[in-house]
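What follows is a set of notes on a single structure, which appears directly below.
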Amino acid sequence: MLARDIMTREVITVKPDTTIEEAAKIMVDNKISGIPVVDDEGRILGIVTEKDLMVKASEFKVPFYITLFDSIIFLENPIKFNNHIRKYFASQVKEVMTARVITVDENTPVPEVARIMQNEKVNRVPVVKDGVITGIITRNDILKFLVRKDG
């Protein structure tokens with residue numbers, strides 16, 4: 004079997020100028036953990052993952068607070084934190100995406116796809132034909148292939 008036989012053909016993608024907020028909503032709504040970033044012709048420019056979003060978000064300092072009876076008393080200004088979050092969500096995917104994307108061709112054998120994913124420690128690989136995305140394979144797709152093959 005080849006990559007084209009197990010890939011998901013209807014790939015959810017974003018453009019480099021998509022906001023981080025929009026990309027995060029797409030991930031949550033579609034229950035996916037990564038999205039290829041493509042240009043207008045469908046060529047891969049990068050990939051944005053939950054990890055990419057979390058790494059940047061972890062840089063924000065949550066304001067300290069104490070609770071007294073039923074009240075929350077902030078020891079630091081929470082407005083500054085809220086402004087950072089708003090600014091972060093308004094920034095673009097191209098600012099946090101991973102530009103080095105591991106891809107496979109439609110004719111790559113599935114065992115080779117699995118090896119590439121394991122060696123490169125990636126959870127998904129876009130499938131391309133002439134540099135244009137035609138599908139995506141996730142670890143779950145590989146697992147489904149193994150179950151079908153053995154079952």
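My numbering numbers the first residue of the sequence shown as 4 and each following residue consecutively. Note that beta-carbon positions come from the ideal geometry of N, C-alpha and C, so glycine has one too.
Euclidean distance between Cα positions of residue i and residue j
| i | j | result |
| --- | --- | --- |
| Pro-41 | Asp-73 | Checking the sequence shown, residue 41 turns out to be Val, not Pro. Cα to Cα, Val-41 sits roughly 49 Å from Asp-73. |
| Val-125 | Asn-86 | 33 Å |
| Glu-115 | Lys-132 | 17 Å |
| Pro-112 | Leu-48 | 24 Å |
| Val-14 | Asp-43 | 14 Å |
| Val-193 | Gly-45 | Coverage of the chain is limited to positions 4 through 154, which leaves residue 193 absent and any answer about it impossible. |
| Ile-82 | Tyr-91 | 14 Å |
| Lys-34 | Arg-12 | 17 Å |
| Thr-22 | Ile-29 | 11 Å |
| Asp-8 | Ile-119 | 17 Å |
| Ala-6 | Phe-148 | 10 Å |
| Asn-122 | Arg-89 | 37 Å |
| Asp-32 | Val-150 | 27 Å |
| Ile-75 | Asp-20 | 38 Å |
| Lys-152 | Met-4 | 10 Å |
| Phe-84 | Thr-70 | 18 Å |
For residue i, the residue or residues it bridges with in DSSP
| i | result |
| --- | --- |
| Val-17 | Val-40 |
| Gly-49 | Val-40 |
| Ser-112 | Inspection of the sequence shows that residue 112 is occupied by Pro rather than by Ser. According to DSSP, which records beta bridges pairwise, Pro-112 is partnered with Leu-5. |
| Thr-11 | Ile-139 |
| Gln-95 | Thr-22 |
| Thr-106 | Answer is none; Thr-106 lacks a bridge partner. |
| Val-130 | Val-107 and Gly-138 |
Pair within 7 Å by beta-carbon distance, residue i and residue j
| i | j | result |
| --- | --- | --- |
| Ile-50 | Val-96 | no |
| Met-10 | Gly-138 | yes |
| Ile-38 | Val-58 | no |
| Glu-109 | Val-130 | yes |
| Ala-93 | Leu-56 | no |
| Ser-36 | Glu-53 | yes |
| Ile-145 | Ala-102 | no |
Local Cβ density within 10 Å of residue i, reported as buried at 16 or more and exposed below that
| i | result |
| --- | --- |
| Ile-140 | buried |
| Val-99 | buried |
| Ile-136 | buried |
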